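Peer 1:
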Amino acid sequence: MSRLRRFAVLAAAAVVPALGLTLAGTTQASAAPNFQVPFKCGVTVTAATFSGHSPANSVDFQKSGITGMPVLAAAGGTVSRVANEGSTSYGRWVEVDHGGGWTTRYAHLSTQSVSVGQAVSLGKQLGTAGATGGVSGPHLHFEERLNGVAQKAKLNGVAVPYYAHTDFTSKNSCGGNPYEATEVCGSGYSVVDSQALAGGSGTAYLLYNSSTKGNCVTTLKSVSLGTASPVSAFLEVQGSARTTDSGSFTYYAGPVKKTAAATCVKWGGSVGSNAYESPFEHCD
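Residue numbers (my numbering): 10 to 293.
Right, dumping it as structure tokens:
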């Protein structure tokens, strides 16, 4: 299960020691954003990786007719570089700082449409693809960097194969949360209850693993996707203290997990000011 949605500072994450308790949502500041394909929703591009690419772990996105196609931010952040190397190296390029040491770079652009210091959300157009710099043909050079070093790329949680030519279809700003509750809670969990939050802001989910008798709660956002904003999830087994995962997250809060066989649970969550709290239920 990917936990890449937390590149914002935690507002709060209460962990109460109790038998069988796991709060699996806490991550370090260096956890990567859930980077998306940097093209419009539904566009299929080929992610080309090869030995000797500079820097190592870079990705070249290729597609017939790519010149002039909008290049989008792979995650929210702040523009940290807008540069033009002329007919060498990157040519026209943009860098976005996502926090926690993570940046992305977009190179060989034909145009640039942002400025240094500008805040950008997931899917914001940064420029258009082209063939500037030291290239033999049009493509988008893309890097996911941690502390200045290019890492092996992931796109919507899927590792880009090295070395290969692999097609990826963009889910960038398609209008839905790229995560599912079962993905957040992990293998073996199934949704047993859910509650839509007011204003269409998100949904709180209760899941159960019949093999381990484990309960899991997560809240998935439906608004401000890719941008850190307040969201929470909590789980309380009757007779035990409540555990809450709360903070400014990009896609979801949780998972909050606790083992509770044949014991009632109270669960819920919030997105912004819209909250839900269940009664004690699901006692079987």
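Beta carbons are placed, not taken as given, at the ideal position from N, Cα and C, and that holds for glycine.
What you are looking at is a predicted structure, and each value in this text was computed from that prediction instead of being measured.
Going by DSSP in three states, V144 sits in which element: helix, strand or coil?
Peer 2: Correct three-state label for V144: coil.
Peer 1: Tell me the rounded alpha-carbon separation between T268 and G197.
Peer 2: About 13 Å.
Peer 1: Looking only at its chain, what residues have a beta carbon closer than 6 Å to the beta carbon of G100, apart from the 5 residues adjacent to it on each side?
Peer 2: E94, H117, T141, G142.
Peer 1: What is the DSSP secondary structure of C194, counted as helix, strand or coil?
Peer 2: Three-state result, C194: helix.
Peer 1: Start and end of the beta strand (DSSP E) containing P239?
Peer 2: Looking at the DSSP string, the run of the beta strand (DSSP E) that includes P239 is 238–246.
Peer 1: Is A207 helix, strand or coil by DSSP?
Peer 2: Correct three-state label for A207: helix.
Peer 1: Considering only the beta carbon of each residue, do V129 and A82 sit closer than 8 Å?
Peer 2: Yes, Cβ-Cβ distance for V129 and A82 is below 8 Å.
Peer 1: Could you give the residue range of the beta strand (DSSP E) that holds F44?
Peer 2: Careful: F44 lies outside any beta strand (DSSP E) and carries neither H nor E.
Peer 1: Do R263 and S231 have their C-beta atoms closer together than 8 Å?
Peer 2: Before going on, a small fix: residue 263 reads as Gly here, not Arg. Not a contact, by the Cβ cut-off of 8 Å.
Peer 1: So if DSSP puts Q231 in a beta bridge, which residue, or which two residues, is it bridged to?
Peer 2: The sequence shown places Ser at residue 231, not Gln. Note: S231 sits in no beta bridge, so no partner.
Peer 1: A83 by DSSP, collapsed to three states: which one?
Peer 2: Of the three classes helix, strand and coil, the one that applies to A83 here is coil, per DSSP.
Peer 1: Just checking, does the segment 100–113 make contact with the segment 70–89 on the three C-beta pairs under 8 Å criterion?
Peer 2: Touching, yes, given that three or more Cβ pairs across the two stretches are closer than 8 Å.
Peer 1: Among G195, T212, A213, which residue has its Cα nearest to the Cα of G223?
Peer 2: It is G195 whose Cα lies nearest to the Cα of G223.
Peer 1: Among all the DSSP beta bridges, which residues are the ones paired with E104?
Peer 2: Its beta-bridge partners are R90, R114.
Peer 1: Rank V80, T175, L206, A207 by C-alpha distance to the C-alpha of S119 and give the top, closest one.
Peer 2: Minimum Cα distance to S119 is reached at V80.
Peer 1: With 16 other CB atoms within 10 Å as the buried threshold, where does P288 fall?
Peer 2: Counting Cβ neighbours within 10 Å, P288 comes out exposed, since fewer than 16 surround it.
Peer 1: List the endpoints of the continuous beta strand (DSSP E) containing Q160.
Peer 2: Here the beta strand (DSSP E) through Q160 covers 158–160.
Peer 1: Taking the beta strand (DSSP E) that L155 belongs to, which residues open and close that run?
Peer 2: Run containing L155: 149–155, per the beta strand (DSSP E) assignment.
Peer 1: Buried or exposed: C225, going by 16 or more other Cβ atoms within 10 Å of its Cβ?
Peer 2: C225 comes out buried.
Peer 1: For T55 versus Q71, is the C-beta spacing smaller than 8 Å?
Peer 2: Going by C-beta atoms, T55 is nearer than 8 Å to Q71.
Peer 1: Using the Cα positions of G51 and C183, report the straight-line distance between them to the nearest angstrom.
Peer 2: Looking at the two C-alpha atoms, the distance is approximately 8 Å.
Peer 1: Looking at the structure shown, is T212 part of a helix, part of a strand, or coil, going by DSSP?
Peer 2: Strand at T212.
Peer 1: Would you check if the distance between the CB atom of S179 and the CB atom of V280 is smaller than 8 Å?
Peer 2: Their beta carbons are not under 8 Å apart, which means S179 does not touch V280 by this criterion.
Peer 1: DSSP has Y172 in a bridge; who is on the other side?
Peer 2: Its beta-bridge partners do not exist; DSSP assigns none.
Peer 1: Pop quiz: L216 and A190 are said to be a contact at Cβ under 8 Å. What is the actual Cβ separation, rounded to whole angstroms?
Peer 2: Right, their Cβ atoms sit about 6 Å apart.
Peer 1: According to the neighbour-count rule (16 or more other Cβ atoms, all chains shown, within 10 Å of its Cβ), is N156 buried or exposed?
Peer 2: Counting Cβ neighbours within 10 Å, N156 comes out exposed, since fewer than 16 surround it.
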